[in-house]
Amino acid sequence: MSDPWQPGPNAPNPPHPSTQHHSGYPPPPGQGIAVTARYFPPAITMALFKPKILVDGYPAPPAKWGRNVVPTRPGPHRVEVHVEYWLPPQAGPAYTDVDVPAGHLVELEYKVPIWAYGFGSLGPPPQKYNNVGATIATAAIFAFFFILMPLLLVLRMVGILP
Numbered sequence: 000m001s002d003p004w005q006p007g008p009n010a011p012n013p014p015h016p017s018t019q020h021h022s023g024y025p026p027p028p029g030q031g032i033a034v035t036a037r038y039f040p041p042a043i044t045m046a047l048f049k050p051k052i053l054v055d056g057y058p059a060p061p062a063k064w065g066r067n068v069v070p071t072r073p074g075p076h077r078v079e080v081h082v083e084y085w086l087p088p089q090a091g092p093a094y095t096d097v098d099v100p101a102g103h104l105v106e107l108e109y110k111v112p113i114w115a116y117g118f119g120s121l122g123p124p125p126q127k128y129n130n131v132g133a134t135i136a137t138a139a140i141f142a143f144f145f146i147l148m149p150l151l152l153v154l155r156m157v158g159i160l161p
């Protein structure tokens, strides 16, 4: 007896939307979306994590830092990119809508924000790193409370400052 919850041999199997093609054949080479993923060079720990690319809500093949080509059918697509991280679990989410012309490759650039809790930037190159101001402000506050204040207290205790 067959399992009633499993589809039968004649059940329709809808194609994956981002790989559905009008002619029934895979897209020609060089047609699709190319996403170049980058992180801020001093944030070397980002190299331990990988970007994740979704096209029309479906995961693309595993991505890496650098250029990633995702073959797609021509037409409009929604591209989403984020980095699977510790906390938050998805750092630097960003999305954009693109229209892929037949036989062409659409170039996009994704940059992780400097502050992991911010939004990334995704679009035609060149893109900028987001949240630079928040990162500088946080670093300045940290430096004031944990470096400058203790130093001033020590200088006052030894009698250098009144």
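Here the sequence shown is numbered in numbering that gives the first Met the number 0, starting from 0 and rising by one per residue.
Every residue, glycine too, gets a C-beta built ideally from N, C-alpha and C.
These figures come from a predicted structure and were not determined experimentally.
- With respect to V69, F48 sits apart: the two C-beta atoms are not nearer than 7 Å.
- Here the region 133-142 does not lie against the region 84-96, with fewer than 3 beta-carbon pairs under 8 Å apart.
- Note on R77: under 16 other CB atoms within 10 angstroms of its CB, so exposed under the neighbour-count rule.
- Selection F145, G117, K63 and R155 evaluated against A33 yields K63 as nearest (Cα-Cα).
- One thing to note: E79 has its Cβ within 7 Å of the Cβ of L53.
- Secondary structure of R66 (DSSP, three-state): strand.
- Under the DSSP definition of a beta bridge, L104 partners with G31.
- Annotated three-state conformation of L152 is helix, per DSSP.
- No residue range can be given for A59, since it is assigned to no alpha helix (DSSP H) and is classified by DSSP as neither H nor E.
- Rounded to the nearest angstrom, the gap between the Cα atoms of M148 and G158 is 15 Å.
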